[in-house]
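K.L.:
From first to last, the protein sequence lines stand for chains A and B.
Position 34 (the first sequence) corresponds to 34 in my numbering; numbering is contiguous.
For any residue, its number in my numbering is found by taking its place in the second sequence, counting from 1, and adding 1000.
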Amino acid sequence: MNIKKLSMFSVLLLTACVTINIYFPAAAAEKIADEIIQDIQTLEPEEKPQAKINPQSTVPAWQVSVYQFVDQAISVVIPSAHAEANLSVNSADIRRITADMRARFGELNTFYDQGVLAIKADGLLTTRGKVSLKDRNKLSKLIAAENADRYKLYQAIANANGHPEWAKQIKSTFAQRWITNAQSGWWYQTANGSWKQK
Amino acid sequence: MTIVKSTCLRKFRPLYYRILSTCLLFIVLSYSSAIPALDSVTFSVDKISANAWSLQNAQLKITQLDQATSQVSLISAALQLPPPFDRLHKLTIRCQKFIWRENYVDCQQGQGDFNSKDLKAHAFDFSFQVKNKKTKLIINDLAWFDGKISFDVQEQSGKWKVHLKAKGLNLMQLEPFLALDLFDITQGLANLDIELTGEQGDVQTLFATVLLDQLSIQGQQGDFASEALTLKTELRANKEEKAWQWQSSTEISSGDLYIEPVYLAIDSAHVITLTNHGLWWPDRKKVELANIEFEHTNLARLQASAAINYQSSLIIEVAELALHIPELKPVAPIYLAPFLEASALEGIELQGQLEAKLQLQQNVLSEINLNARHLTLDDTEQRFSLDDANAQIHWTKQANNKASFLNWQGLKLKAIAFDPSQLDFSLFDKQVKLLQPADLAVLGGIFSIQKFSFSKAENNEDSVVHFEGLVDKLSLEQLSTALKWEPLTGSISGYIPAVRYENKTLSLDGELKMQVFDGEVRIKNLASSGLFTNFSRFYMDLEFDSLDLGTITRKFHTGNIEGKLSGVVQNLYLENWQPISFYAWMGTPEDDDSTHKISQKAVENIASIGGGSAADVISKGFLSLFSSFRYDKLGFGCYLYQGVCQLMGVEAVDNGFYLIKGGGLPRIDIIGYNPRLNWSVLLERLRRITASDEFIIE
Chain A
1 MNIKKLSMFS VLLLTACVTI NIYFPAAAAE KIADEIIQDI QTLEPEEKPQ
51 AKINPQSTVP AWQVSVYQFV DQAISVVIPS AHAEANLSVN SADIRRITAD
101 MRARFGELNT FYDQGVLAIK ADGLLTTRGK VSLKDRNKLS KLIAAENADR
151 YKLYQAIANA NGHPEWAKQI KSTFAQRWIT NAQSGWWYQT ANGSWKQK
Chain B
1001 MTIVKSTCLR KFRPLYYRIL STCLLFIVLS YSSAIPALDS VTFSVDKISA
1051 NAWSLQNAQL KITQLDQATS QVSLISAALQ LPPPFDRLHK LTIRCQKFIW
1101 RENYVDCQQG QGDFNSKDLK AHAFDFSFQV KNKKTKLIIN DLAWFDGKIS
1151 FDVQEQSGKW KVHLKAKGLN LMQLEPFLAL DLFDITQGLA NLDIELTGEQ
1201 GDVQTLFATV LLDQLSIQGQ QGDFASEALT LKTELRANKE EKAWQWQSST
1251 EISSGDLYIE PVYLAIDSAH VITLTNHGLW WPDRKKVELA NIEFEHTNLA
1301 RLQASAAINY QSSLIIEVAE LALHIPELKP VAPIYLAPFL EASALEGIEL
1351 QGQLEAKLQL QQNVLSEINL NARHLTLDDT EQRFSLDDAN AQIHWTKQAN
1401 NKASFLNWQG LKLKAIAFDP SQLDFSLFDK QVKLLQPADL AVLGGIFSIQ
1451 KFSFSKAENN EDSVVHFEGL VDKLSLEQLS TALKWEPLTG SISGYIPAVR
1501 YENKTLSLDG ELKMQVFDGE VRIKNLASSG LFTNFSRFYM DLEFDSLDLG
1551 TITRKFHTGN IEGKLSGVVQ NLYLENWQPI SFYAWMGTPE DDDSTHKISQ
1601 KAVENIASIG GGSAADVISK GFLSLFSSFR YDKLGFGCYL YQGVCQLMGV
1651 EAVDNGFYLI KGGGLPRIDI IGYNPRLNWS VLLERLRRIT ASDEFIIE
């Protein structure tokens, strides 16, 4: 009888447990993408007030690993429930990368306006049309630096949220938002590969 | 009239035209002796081929045989030429005056024309002569590629000479025949004058003058391009036994040129010339560049010599380069700035004179000797500057005994100016070592570097740094003025036993002591990363010891407080000089026996940190009779985390904490009840200091 009660109790325990899988928060990603892009693409003569920065310490890496391990272990035997998390953009890496991108935007903006700099469908930058020989080196260096920073930014956001594997989805979200936030006159690539001017 | 049909000449070997002419002559003479009344001959060929050439459906006709000069015409349906030329159609060659006799064939006033898919229809004049084994062919005004081409070919006893002149060739039309893989031509005209001499199949001399005008090219990788370039080059080369000796000179007199990452706008005042001579051993796959001279007029001159072999891969066995720049100001934006674009050093402006000598061995830079005079360096971001500096830099790949030095009349790091001074050091490979201690006068004191060495790790960005130094009596007044802080008085001294550079972070051991406000502030565990970037970070611990509150409050006009102040700021972390996190506590020292008094204004200001207002209570109450109050101790703490300051006071009370605990008469207590405050709000209140939380007066 006791054994039967114990078995029943175990079953109840198992069925009562719910695994919460943190799915990529697409809506939150769009929101923070917009915030970051608009922050980067705001031309201001001076640095933005640091009051906007909300510092936070990151969870130690070992804790993240433990949480992930426990989550995966439970997922094996227990039905999953779905939840969507918010995204944090508070890490020194993100602030450092966005500071560089903000500083670079002034020069990029000139080339956007000239129509020789365009946003590809994947959210990365490329040259478009004939670039004067005088500007060719500057523009290619800017594009290389900006594209590298965009990759770093996506990974930094993913890392700051304890999900390094989200970098690809964050890149995909940003790809759309870079185009959405493009200013009038800028060139961008549509999903079918054609080029359009905003 | 006699018609001869033959297919005897199916195969041609080299010297086609000589064989053809001899064969024709033989046939014509044979028939002419057999038939005295012969006045014309027609010679038809179905096909003649040789290597990549072939002539189809050809008809050779000789008329006026009975006169002193005959006429010859060759009409062919098609002539196939070797690649890259294509098939010529309707080839017609006529000699208005044709003379032949033994050892003599002469074709004068020749005219030819043909059709071609790529070359289109073309006509040309020519003459041809074979005389005593000397052959001469001249083709004039061949209208190819929108220009005119002339050939003069001579041959005698196996020795030959070819002279090609071309004028106004459209390079875009010529491009398909040049088989260029590296770039595309989008515009350009060419004038050529090329003379070749040789014997049998060997070329022995080459003289060429090439003038390219309005040349626009585009590298396939985008790494080089030109627009409207005017370029003239002359090449003279002759073969000596197994080596070619050459001399060449090239002048670019106008246009734009891009060779990644350098962009050159060339005009008459800044012509580029490149001259060189040397030897080339084709069999040994070796080139000896005896002298190369590159000059950008009025800007820079580079001389070089080198030995190169390309047996398995391109190897510069040895090379020496000498660079002379009379004035860096116009040169740096052209030749230096492109390399610094989008890097931390972008925006540097240079002036001064520069001489440099470089040596390479086996593709590796082995030595640099550099002499800079009257060097001025400015950074548009105002991170650093150098004024009237002189430097002799000796760098070698291997250990180096030569000393280098850098001296200056002015040096600025950020806004901090150093007096004139000099550093003596040695350089080799990835190492720098200070040769003797340097006392740098700065901020009214001395920054003394006792020992310094730096070596870059081979496979990562970390570096090994050995440093020992001290700062002695740096003026806080000068420092605060330079950094545009509220003016401070006092000095900074300290001993720095070691410095580390790891993970892009520079860390200082030891501590810096600031004698300030009649007390002492100690800075420990100072570290920084990204110092000259858009995102500088600092880490440090601070300790305050017995600072005089009277001096501080008078300096910052916060209302007078008398007493001492000690405290700590631990784990202070700043980004772009803005505090991000720290734990701070400052308050009355335990053993402080000084007078503890606080003015009305100071009471209001301290109370205002909590968010309330004390001004009315004090000014309207009887306490307005007192200009100051006594206190036992005061204290204030903040743990900054995630943008929120967790406030602490000198002592807990009910649901709050004492910021000031009164003592004596008239006594005043200030108690805070709000333990959490947004950091930005706190900063704003500290700036305004106009409100108060709550105060209790007893």
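Ideal Cβ placement from N, Cα and C applies to all residues, glycine included.
#1: On the DSSP bridge assignment, give the partners of R1373 of chain B in chain order.
#2: Please report how far the alpha carbon of K1136 of chain B lies from the alpha carbon of V1130 of chain B, in whole angstroms.
#3: Against chain A, which members of the stretch 1375-1386 of chain B pass a CB distance test of less than 9 Å?
#4: CA-CA distance, Y1263 of chain B and I1334 of chain B?
#5: Consider the Cβ of Q153 of chain A: report whether some Cβ of chain B lies at a distance smaller than 8 Å.
#6: Decide if A1034 of chain B is buried, meaning its Cβ has at least 16 other Cβ atoms within 10 Å, or exposed.
#7: Out of curiosity, what's the CA-to-CA distance linking I37 of chain A and L1231 of chain B?
#8: Are S1248 of chain B and N1276 of chain B close, meaning C-beta to C-beta below 8 Å?
#9: Got a sec, what are the start and stop residues for the beta strand (DSSP E) F1452 of chain B sits in?
#10: Would the beta-carbon of L1354 of chain B fall within 8 Å of that of A1319 of chain B?
#11: Pairing CB atoms from the stretch 1191-1205 of chain B with CB atoms from the stretch 1153-1162 of chain B, are three or more of them under 8 Å?
#12: Alpha carbon to alpha carbon, how far is L1257 of chain B from L1189 of chain B?
#13: May I ask you to report which of helix, strand or coil DSSP gives A81 of chain A?
#14: Going along the chain, which residues of its own chain have a beta-carbon closer than 6 Å to the beta-carbon of G1656 of chain B, five neighbours each way excluded?
#15: Below 8 Å between beta carbons: does that hold for G196 of chain A and S184 of chain A?
#16: Determine whether the Cβ of N1534 of chain B lies closer than 8 Å to any Cβ atom of chain A.
#17: Return yes when the Cβ of A1344 of chain B is within less than 8 Å of the Cβ of I1416 of chain B, no when it is not.
#18: In this structure, how does DSSP classify P1326 of chain B when only helix, strand and coil are distinguished?
#19: Go ahead and pull the three-state DSSP assignment for A1438 of chain B.
#20: Between the Cα of D1213 of chain B and those of B:A1228, B:G1222 and B:D1202, spot the shortest distance and give me the residue it belongs to.
#21: When you compare the stretch 1679-1686 of chain B with the stretch 1643-1653 of chain B, are there three or more beta-carbon pairs, one atom per stretch, that lie closer than 8 Å?
#22: Between A:F105, A:R136 and A:W166, which lies nearest to Q1218 of chain B when the distance is taken from Cα to Cα?
#23: From V1471 of chain B to K1513 of chain B, what does the alpha carbon distance come to, in whole angstroms?
#24: Look at the Cβ atom of L117 of chain A, then the Cβ atom of R128 of chain A, and state whether they are nearer than 8 Å.
#25: Within its chain, find whatever has a CB closer than 7 Å to the CB of A1243 of chain B; leave out the 5 residues flanking it on each side and keep chain order.
#26: Taking DSSP as the reference, what is the three-state secondary structure of N1605 of chain B?
#27: Between which residues of its own chain and S88 of chain A is the CB-CB distance below 7 Å, once the five residues before and five after are set aside?
#28: Find the residues of chain A that neighbour D1213 of chain B, judging by a C-beta separation of less than 8 Å, and give them in chain order.
#29: For the stretch 131-164 of chain A, which residues have a CB atom closer than 8 Å to at least one CB atom of chain B, in sequence order?
#30: S1049 of chain B to N1115 of chain B, Cα distance in whole Å?
#31: Would you report the Cα separation of W1099 of chain B and I1266 of chain B, rounded to the nearest angstrom?
#32: Enumerate in chain order the residues of its own chain whose CB-to-CB distance from V1203 of chain B is below 8 Å, with the five nearest sequence positions on each side excluded.
#33: Looking only at its own chain, which residues have a Cβ that is under 6 Å from the Cβ of I179 of chain A, when we skip the five neighbours before and after it?
#34: Assuming A1372 of chain B and L1323 of chain B are in contact, meaning their beta carbons sit under 8 Å apart, how far apart are those beta carbons, in whole angstroms?
#35: Using DSSP with H/G/I as helix, E/B as strand and the rest coil, what is P60 of chain A?
#36: In the DSSP assignment, find the beta strand (DSSP E) that holds R96 of chain A and state where it starts and stops.
P.N.:
For this structure:
#1: R1373 of chain B is bridged by DSSP to B:Q1353.
#2: Roughly 6 Å separates the two Cα atoms.
#3: Cβ contacts with chain A: none found.
#4: Straight-line Cα distance between these residues: approximately 7 Å.
#5: It is worth fixing the name first, because residue 153 of chain A is Leu in this sequence and not Gln. No, its Cβ sits nowhere closer than 8 Å to a Cβ of chain B.
#6: Note that A1034 of chain B scores 46 on pLDDT, short of 50, meaning its location in the model is unreliable and no value can be drawn from it.
#7: I37 of chain A and L1231 of chain B: Cα-Cα distance of roughly 47 Å.
#8: Between S1248 of chain B and N1276 of chain B, the gap from beta carbon to beta carbon is short of 8 Å.
#9: F1452 of chain B: member of the beta strand (DSSP E) spanning G1445 to K1456, first to last residue.
#10: The criterion of a C-beta distance shorter than 8 Å is not satisfied by L1354 of chain B and A1319 of chain B.
#11: Contact holds: three or more Cβ-Cβ distances are below 8 Å.
#12: Cα-Cα distance, rounded: 17 Å.
#13: Because the pLDDT at A81 of chain A is just 40, under 50, the model does not fix this residue reliably, and the point stays unresolved.
#14: Leaving aside the five residues that flank G1656 of chain B on each side, the residues in its chain whose CB is nearer than 6 Å to its CB run, in chain order, I1671, G1672 and Y1673.
#15: The amino acid occupying residue 196 of chain A in the given sequence is Lys; Gly does not appear at that position. No, these two residues do not count as a Cβ contact at 8 Å.
#16: The beta carbon of N1534 of chain B sits closer than 8 Å to some beta carbon of chain A.
#17: No, these two residues do not count as a Cβ contact at 8 Å.
#18: Residue state, collapsed to three classes: coil.
#19: A1438 of chain B: strand per DSSP, three-state reduction.
#20: Checked all of B:A1228, B:G1222 and B:D1202; the closest Cα to D1213 of chain B is B:A1228.
#21: Yes: the two stretches touch, three or more of their Cβ pairs being nearer than 8 Å.
#22: Ranking A:F105, A:R136 and A:W166 by Cα distance to Q1218 of chain B puts A:R136 first.
#23: Cα to Cα, the separation comes out at about 9 Å.
#24: A contact, by the Cβ cut-off of 8 Å.
#25: So the list reads L1279, W1280 and W1281, once near-sequence residues are dropped.
#26: Note: N1605 of chain B maps to helix in three-state DSSP.
#27: Exclusion of the five residues before and after S88 of chain A leaves A160 and N161 as the residues of its chain whose Cβ lies within less than 7 Å of its Cβ.
#28: For D1213 of chain B, no chain A residue has a C-beta closer than 8 Å to its own C-beta; the minimum C-beta separation is roughly 18 Å.
#29: Those residues of the stretch 131-164 of chain A that come within reach of chain B (Cβ to Cβ, closer than 8 Å) are L133, K134, R136, N137, K138, S140, K141, L142, A144 and A145.
#30: Their backbone Cα atoms lie some 19 Å apart in a straight line.
#31: It is Ile, not Trp, that sits at residue 1099 of chain B in the sequence shown. One C-alpha to the other measures close to 55 Å.
#32: Excluding sequence neighbours, V1203 of chain B sits near L1196, T1197 and K1239.
#33: Excluding sequence neighbours, I179 of chain A sits near I119 and Y188.
#34: No, A1372 of chain B and L1323 of chain B are not in contact; Cβ-Cβ is about 11 Å, not under 8 Å.
#35: Because the pLDDT at P60 of chain A is just 41, under 50, the model does not fix this residue reliably, and the value given afterwards should be weighed accordingly. Here P60 of chain A sits in coil by DSSP.
#36: In the DSSP assignment, R96 of chain A falls outside any beta strand (DSSP E) and within the unbroken alpha helix (DSSP H) covering A92 to Q114.
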